[in-house]
Amino acid sequence: MNKPVKLLLFCVLFTKLLSAQSKYTISGYVNEKGSLENLPGVTIYQPNTRNATTSNIYGFYSITLPAADSVTLSFAFIGFATQNHVFKLDKNQSFNVQLKAQSELQEVEVVAKKNEPVSEDVQMSKIDISIEKVKDIPALLGEKDVMKVIQLMPGVQKGSEGSSGFYVRGGGPDQNLIILDEATVYNAFHLFGFFSLFNGDALKSVELTKGGFPARYGGRLSSVLDMQMKDGNKEKISGEAGIGLISSRLTLEGPLIKNKCSFLVSGRRTYADALIYPFLPSDSKGGYYFYDLNAKVNYVLNDKDRIYLSGYFGKDKFYLNNKNNGSEDKVGLKWGNATATARWNHLFTNKLFCNTSLIFTDYKLVISADEKYQNGESFSLRYTSGIRDYSLKTGFDYIPNPNHYIKFGLQGIYHQFRPGALVVKGNSFNENINNTKLIEAFENSVFVEDDWKITSRWRLNAGIRVSNYIVRKENYINPEPRASLRFKLKEDLSLKASYAMMNQYMHLLSNTGIGLPTDLWVPATKNAPFMRSQQVALGIAKDFLKKGYDISLEGYYKKMDRVLGYREGASFLTVLNGEGNEVSWEDNVTSGQGWSYGGEVLIRKNEGKFTGWIGYTLSWTQLQFNELNFGKKFYARYDRRHDISVVGVYHVNKRITLSFTWVYGTGNAITLPLNTYNAYAYTSPYSGYNQGAFNQMDVGTVQDFGQQRNAFRMSAYHRLDFGIQWHKKFKHVERVFEIGIYNVYSRQNPYFYYIETQQDGTQKLMQVSLFPIIPSFTWSWKF
Amino acid sequence: MKKTILYILLFFSLFYSCTKEAKIKLPPQEDKLVVTSFISPNDTVIVVTVRNSIPKFNWVGIWGPQYSNLTDATVYISDGTTQIKVPFDQSNGMYLTSTKNFPIVSGKTYYLDVSTPDGKKASGETSVPEGVLQLTKFEVEVANSNPDHIKFNTLISIADLPETTYITGAFDVVSSWDTTAAQPSNYMYTESNYFSASDEFQSYSEYLKSKQTELYDAGYYRYIAMGVTLLNSDKHFYLYHKTIRVAPGSGDNPFSDPVMVYTNINGGFGCFGSYTRNVYFKRVR
Chain C
0 MNKPVKLLLF CVLFTKLLSA QSKYTISGYV NEKGSLENLP GVTIYQPNTR NATTSNIYGF
60 YSITLPAADS VTLSFAFIGF ATQNHVFKLD KNQSFNVQLK AQSELQEVEV VAKKNEPVSE
120 DVQMSKIDIS IEKVKDIPAL LGEKDVMKVI QLMPGVQKGS EGSSGFYVRG GGPDQNLIIL
180 DEATVYNAFH LFGFFSLFNG DALKSVELTK GGFPARYGGR LSSVLDMQMK DGNKEKISGE
240 AGIGLISSRL TLEGPLIKNK CSFLVSGRRT YADALIYPFL PSDSKGGYYF YDLNAKVNYV
300 LNDKDRIYLS GYFGKDKFYL NNKNNGSEDK VGLKWGNATA TARWNHLFTN KLFCNTSLIF
360 TDYKLVISAD EKYQNGESFS LRYTSGIRDY SLKTGFDYIP NPNHYIKFGL QGIYHQFRPG
420 ALVVKGNSFN ENINNTKLIE AFENSVFVED DWKITSRWRL NAGIRVSNYI VRKENYINPE
480 PRASLRFKLK EDLSLKASYA MMNQYMHLLS NTGIGLPTDL WVPATKNAPF MRSQQVALGI
540 AKDFLKKGYD ISLEGYYKKM DRVLGYREGA SFLTVLNGEG NEVSWEDNVT SGQGWSYGGE
600 VLIRKNEGKF TGWIGYTLSW TQLQFNELNF GKKFYARYDR RHDISVVGVY HVNKRITLSF
660 TWVYGTGNAI TLPLNTYNAY AYTSPYSGYN QGAFNQMDVG TVQDFGQQRN AFRMSAYHRL
720 DFGIQWHKKF KHVERVFEIG IYNVYSRQNP YFYYIETQQD GTQKLMQVSL FPIIPSFTWS
780 WKF
Chain Z
0 MKKTILYILL FFSLFYSCTK EAKIKLPPQE DKLVVTSFIS PNDTVIVVTV RNSIPKFNWV
60 GIWGPQYSNL TDATVYISDG TTQIKVPFDQ SNGMYLTSTK NFPIVSGKTY YLDVSTPDGK
120 KASGETSVPE GVLQLTKFEV EVANSNPDHI KFNTLISIAD LPETTYITGA FDVVSSWDTT
180 AAQPSNYMYT ESNYFSASDE FQSYSEYLKS KQTELYDAGY YRYIAMGVTL LNSDKHFYLY
240 HKTIRVAPGS GDNPFSDPVM VYTNINGGFG CFGSYTRNVY FKRVR
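Those protein sequences? They're chains C and Z, same order as listed.
Those letters in the first sequence? Residues 0 to 782, by numbering that gives the first Met the number 0.
Those letters in the second sequence? Residues 0 to 284, by numbering that gives the first Met the number 0.
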C-alpha cells in the first residue's frame with residue numbers, strides 16, 4: 000500500500016472515530032399513558048432542526064445526535080398531546096415516554112397535530128386510518144367496519160352495494176395483502192362480503208399503502224393493508240362493549256403482571272339466528288351466524304426483550320335442516336379464518352432493533368349436504384377447499400443517525416393450497432372421491448431499504464426486495480426495486496415521486512368479485528403464471544398546519560402483467576370443457592395484462608370541531624387477454640371513471656357528535672346481450688345426426704354481446720349516510736348511544752342486472768337493488 | 000314482544016331487495032341476418048343457412064319464424080371472377096348447390112353475399128387453406144374388455160404444415176351392423192367429440208392429442224371403429240368454432256363470464272369459413 004492511500008485511510012478512520020465519539024443515542028419505547036399501549040408512528044424530532052425519527056410498530060425509537068449540554072426532543076402523535084423533553088447528551092440514554100390521549104385533555108375539539116405532516120413524509124400513496132375516526136363514521140346496521148372506511152379513500156373503490164371488498168388503483172380484490180399482526184388474512188369477509196372480519200375494538204392501527212411500496216412489503220400487486228391489534232392495558236382492567244341490531248361485542252384487556260404482562264380478549268357474535276329460531280317450524284330449522292375472537296398476550300421480559308402472542312379465530316356458518324315423513328336433509332356452508340402470531344422483540348444495541356415472528360394462518364371452506372331417505376338410503380356430499388401458511392420472518396431496524404433509517408430482513412412462507420376436494424357417498428353407488436391434490440409452495444424473500452434524509456429538501460426511501468418462489472420443482476427469483484423520493488418546495492409543500500415493482504405468486508379464482516367464501520386461492524403455476532405490476536406515481540402534498548388541514552394530489556400509472564381471468568364460459572363450477580373433458584382450475588383460467596392510470600385528490604381537515612375529508616378519483620382500468628374478447632382491450636368490471644367521497648364529523652359539544660358520508664361512483668362496466676340467434680356449427684360427416692349429408696348442424700341458441708366485453712355501464716352509485724352519537728360519562732363508564740341512517744334518501748343503487756321475460760314474450764333488463772333507507776341503533780360502553 | 004317484532008322486521012330489512020326496470024342507455028334494437036357456410040374442396044355440396052336474429056330487449060315480434068331458416072333470401076357465392084346464385088332447397092331448408100356447379104379450390108378466396116326482400120344485407124369472405132393435415136401417430140387402445148361397454152384411449156399426433164395455423168377436428172366413435180364394409184357405410188351410431196388445437200401448436204412441429212371415449216351397449220355392433228377427422232381451416236372457421244362450442248347454455252350459469260361468439264359476417268352474425276379435410280379410421284371390432 001503506498002503512502003498517500005495509507006494517509007487517506009488514516010484520515011477517514013480518524014474522522015469516523017472523532018464523529019463516533021461525539022454522538023450519542025437516545026432510545027426507548029413510546030407508550031400511551033394509562034394503558035402503556037405501544038404507540039407506532041410517533042414523530043420524535045429536535046425542534047428547529049431536521050433531526051427526526053419515528054417510532055416503529057412496536058413503539059421503539061432511536062435517535063443519535065451530537066453531544067450537547069441541552070437537547071430538546073419533541074414527541075408528537077395524532078390524538079395525543081405533544082411532549083417536550085430536555086436531555087444532557089453526554090452518553091447513550093434509554094428513555095421511555097408516555098403520551099396522554101387528547102380525550103383526557105379536551106373533550107370536544109381534536110387538537111393534536113398529525114404525527115407527521117404529509118409534506119414531510121417521503122412515503123406517498125399511504126393512508127393511516129384512525130380507529131377513533133372509524134367509530135365516528137356512520138355504518139350499515141351500525142356495524143363499524145375499518146374496510147368500509149378504507150373504501151371512502153381516493154384510489155380505493157368498493158365492489159358492489161354493501162360489500163367490504165375493495166379495489167385499489169385498478170387491482171382486483173386478490174391483489175390486496177391484508178395482514179393482521181403480520182399474519183395474512185385470506186378471506187376477510189363475513190356474511191357473504193357485507194362485513195369485514197376486523198373488530199375495531201381490538202385494533203390499534205390501520206395503514207393502507209396503495210403505491211410506492213417500501214421494500215419490506217411484497218407478495219401482492221396493488222395494496223397492503225397492515226393492521227395491528229392492541230397489546231392490552233398493562234395498568235388496569237378496562238374494556239368496551241356494544242349492542243347492535245345484528246351483533247354484540249365485548250373487549251376486555253388488563254394486566255396479568257402489572258406493567259409487565261397484559262392480555263386482550265375481544266369477541267363478537269351475530270344473533271339473528273337465535274332471534275328467529277323460535278319462530279321457525281319444528282321440522283325446518285335454519286339460520287346464519289358469524290363470530291370473531293381476537294386474543295393477545297404480551298410480556299416485557301426485560302429492557303431488551305419483549306414477547307407477543309396474538310391470534311384471531313372467526314367463523315361463518317349457514318345451516319338448514321329439514322325433516323319430512325321420515326326423511327331428513329341437512330345443508331351447511333361454513334368458512335373461517337384462523338391466524339396465530341408469536342413475536343419476539345430484541346434490542347441488540349440502542350440502534351439495532353430486531354423482531355422475529357412465527358406466523359400461522361389458515362382459511363377453510365366446507366360445503367356439506369346430507370340426505371337420509373325413508374327407505375334407509377342416504378347420500379352425503381362434502382366439498383372442502385382452503386389454504387394454510389406457516390411463516391418465519393425476521394426484520395431489523397437499524398438507525399445509525401437521524402438521516403438514515405435502515406430496515407432489512409427476510410421471510411420464508413410455506414404455503415399449502417387445497418384448491419378443492421369433493422367427497423360424495425351414498426348407499427346406491429360407490430364412494431366417489433374427487434380429490435384435488437394438495438399443492439405445496441415456498442415463497443421466500445429478503446429485503447433492505449433506507450429512508451435517507453439527503454438534505455433538508457430531498458428525502459429518499461430506496462430499497463430492493465428479492466423474492467423467490469418454488470412450486471412443482473419450478474424455481475423463480477425476482478428482484479423488485481422500490482424507490483420513493485420527496486423534494487420540498489417550501490416548508491409545507493413538497494413534490495413526491497415513486498416507483499415500485501411487485502410480484503404476486505398466488506391467484507384468487509372468483510367470478511363474482513364480491514368476496515364470496517367460494518372464492519378459491521390457488522398457487523401460481525406454469526399454466527397460471529405469477530403476476531407482476533410496475534407502478535409509477537407523482538404527487539404534490541401541501542400542509543396548512545395552522546388551519547389544520549392538508550391536501551394531496553397524486554397521479555399514477557400501473558402496468559400489470561399475467562393477470563388471471565376466467566376463460567369465457569368457465570367458472571369455478573365448470574367441470575367439463577367444450578370438448579367434454581374434465582377440467583381442473585388451471586384449464587379454466589387464462590392470463591393477460593392490465594393497465595390502470597388516473598389521478599386522486601384528498602383534502603383532509605384533521606383539527607377542530609369539524610373534521611373530515613373529501614376524496615376524488617378519476618381513473619381508467621383496462622385489461623387485455625388473447626383468449627378473451629377476441630384479444631381486444633376491454634374495461635375491467637370495476638373500472639370507475641369518477642369516484643367521490645365526502646366525510647364529515649362534527650363534535651357539537653362534549654355530549655353530541657354528528658357525522659355523515661356521501662359517496663358517488665360511476666357504475667360498474669357490464670356485458671349485456673343485444674341479439675340472440677340459433678347458430679350452426681361444423682359437423683363431422685360421420686356424425687350420427689348428419690349421416691354424411693351436410694357439414695353443419697344447429698347447436699342451439701347463442702347471444703351476441705355487441706362484439707365487445709363490458710361495453711355498458713350500470714347506473715351510477717350514490718348514497719348519503721348520517722349518524723348522531725350521544726356520549727354520557729358516568730363515574731367508571733362512558734356510554735355512547737348512536738342512531739345511524741344508511742342511505743338517507745333511499746337511493747336504489749344497482750346490485751346486479753338480469754333479463755326477465757315478460758308475459759308478451761318480450762324481454763326486459765331488470766335492476767335489483769339492496770338496502771333502501773335503513774336505520775340502526777347501537778349502544779356501546781367503555782370502562 | 001314489540002321489541003322482538005321490531006328486531007325481526009329489521010333483520011329481514013337486511014335482505015330487502017327491490018327490483019325495477021333498469022334505466023341504462025342501450026343501442027337501437029334491430030334484427031340481423033345469421034349466415035353460416037363452410038366450404039371445402041373435399042365436400043360435394045356448398046351449403047348456406049340463413050336465419051334472423053332476435054334483438055334481446057323490448058322486441059315485439061313473433062318468436063317462431065325468427066328461429067327458422069329464411070326461405071326468401073338471395074344468396075350469391077363468387078371467387079372474384081365467377082359468381083353463381085345458390086338456390087334454396089325446399090326439402091332441406093337450406094341454400095345449396097353442388098361443387099360441380101362451382102368448384103372450391105385450395106388457395107382461392109371466396110365471397111358470399113346475402114340479401115333479403117326487407118332490405119337486410121350480409122356478406123363474408125374466406126380463403127381456402129392449402130394442404131391436408133396428416134397424422135404421424137394414431138393409436139387406439141381398448142381400455143377394458145367388457146364387450147358391452149368399451150373404453151377407448153386414443154392418441155394422435157398431427158404433423159405441422161408450413162402454412163398451417165388453425166386446426167380443428169373430431170374424434171368419432173363409429174359403430175355399425177355392417178360387417179363387410181372396409182370403411183363405415185351403414186351407420187347405426189356415431190359420437191363426435193370436437194377439438195381445437197391450442198395456439199401453442201403454431202410454434203411446435205407436432206400436435207399431440209389424447210382422448211378417452213366410451214361406447215355403451217357395444218354388444219349390439221359388429222363394426223366398431225375410431226375415426227379422426229382433421230380440418231386444416233381458415234382463421235374465421237377456427238375462431239368461430241372455438242367460441243361456438245362453448246357458447247350455447249353458457250348464459251345459464253350466473254357465475255360464468257359470457258362467451259363472445261366470433262363472426263366474420265359483415266352486417267350480421269354467423270360464419271363463412273373454409274377448410275381442407277382428412278379422415279382416418281382404425282377398426283377395433
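Where a beta carbon is used, it is the ideal one built from N, C-alpha and C, also for glycine.
Quick caveat, the model's predicted, so the values are computed rather than measured.
R282/Z is outside the set of residues whose beta carbon lies under 8 Å from a beta carbon in chain C. Between the alpha carbons of I306/C and R342/C lies a distance of about 6 Å. Of all C-beta pairs linking the region 43-54 of chain Z to the region 673-681 of chain C, three or more are shorter than 8 Å, placing the two stretches in contact. When DSSP reads this structure, V465/C sits in a beta bridge with V445/C, P478/C. With a beta-carbon spacing of about 15 Å, L255/C and G238/C fall beyond the 8 Å limit used to define contacts.
At a cut-off of 8 Å between C-beta atoms, P86/Z does not count as an interface residue with respect to chain C. Looking at the DSSP output, Y750/C sits in no beta bridge, so it has no partner there. Runs of the beta strand (DSSP E) lying entirely within the region 51-136 of chain Z and spanning at least 3 residues, in chain order: 73-77, 82-84, 93-97, 108-114, 120-126. In this chain, the beta strand (DSSP E) harbouring L319/C covers 304-323. Per DSSP, reduced to three states, the secondary structure at I256/C is strand. Three or more Cβ pairs closer than 8 Å define a contact, and the region 748-759 of chain C falls short of that threshold against the region 168-178 of chain C. Unbroken beta strand (DSSP E) stretches of 3 residues or longer found wholly inside the region 650-710 of chain C: 655-664, 674-681, 695-703, given in chain order.
For H414/C, the beta-bridge partners assigned by DSSP are D388/C, A440/C.
Interface criterion met: the Cβ of E20/Z is under 8 Å from a Cβ in chain C. A residue is called buried once 16 or more other Cβ atoms fall within 10 Å of its Cβ, and P27/Z, having fewer, is exposed. Neighbourhood of M259/Z in chain C, by CB distance below 7 Å: E567, N628, F629, F704, Q706, R708, in chain order. In the displayed model, N374/C falls within coil according to three-state DSSP, outside both helix and strand.
For the region 231-245 of chain Z, the beta-carbon criterion of a distance under 9 Å to any beta-carbon of chain C is satisfied by S232, F236, L238, Y239, H240, K241, T242, I243, R244, V245. Cβ-Cβ separation between V29/C and L98/C: approximately 6 Å, consistent with a contact (criterion under 8 Å).
Nearest C-alpha to Y222/Z among N277/Z, V283/Z, K234/Z: V283/Z. By the rule that beta-carbons nearer than 8 Å mark a contact, P771/C touches chain Z.
Looking at the backbone, the Cα of V34/Z and that of R708/C are separated by about 23 Å. The beta carbon of A158/Z does not come within 8 Å of any beta carbon belonging to chain C, so the residue lies off that interface. Listed in chain order, the non-local C-beta contacts of F212/C below 7 Å within the same chain comprise V223, R481, A499, M501, local neighbours out to five positions each way being set aside. 8 Å or more divides the Cβ of I157/Z from the Cβ of I149/Z.
Taking every protein chain shown into account, the CB of E585/C has fewer than 16 other CB atoms within 10 angstroms, so this residue is exposed. Annotation: the continuous beta strand (DSSP E) that includes I128/C extends over 125-128.
In the three-state reduction of the DSSP assignment, L38/C falls in the coil class. Residues of the region 662-684 of chain C with a Cβ closer than 8 Å to any Cβ of chain Z, in chain order: G666, T670, L671, P672, L673, N674, T675, Y676, N677, A678, Y679, A680, Y681, T682, S683, P684.
When Cβ-Cβ separations below 8 Å define contact, G141/C makes no contact with chain Z. Within the DSSP bridge table, the entry for K728/C names E733/C as partners.
Three or more Cβ pairs closer than 8 Å define a contact, and the region 117-126 of chain C meets that threshold against the region 201-215 of chain C. For Y744/C, DSSP records no beta bridge to any residue. Of all residues in the region 46-58 of chain Z, only V46, T48, R50, N51, S52, I53, P54, K55, F56, N57, W58 come within less than 8 Å of chain C when Cβ atoms are compared, listed by chain position.
When Cβ-Cβ separations below 8 Å define contact, D112/Z makes no contact with chain C.
For F236/Z, the enclosing alpha helix (DSSP H) has its first and last residue at 234-243.
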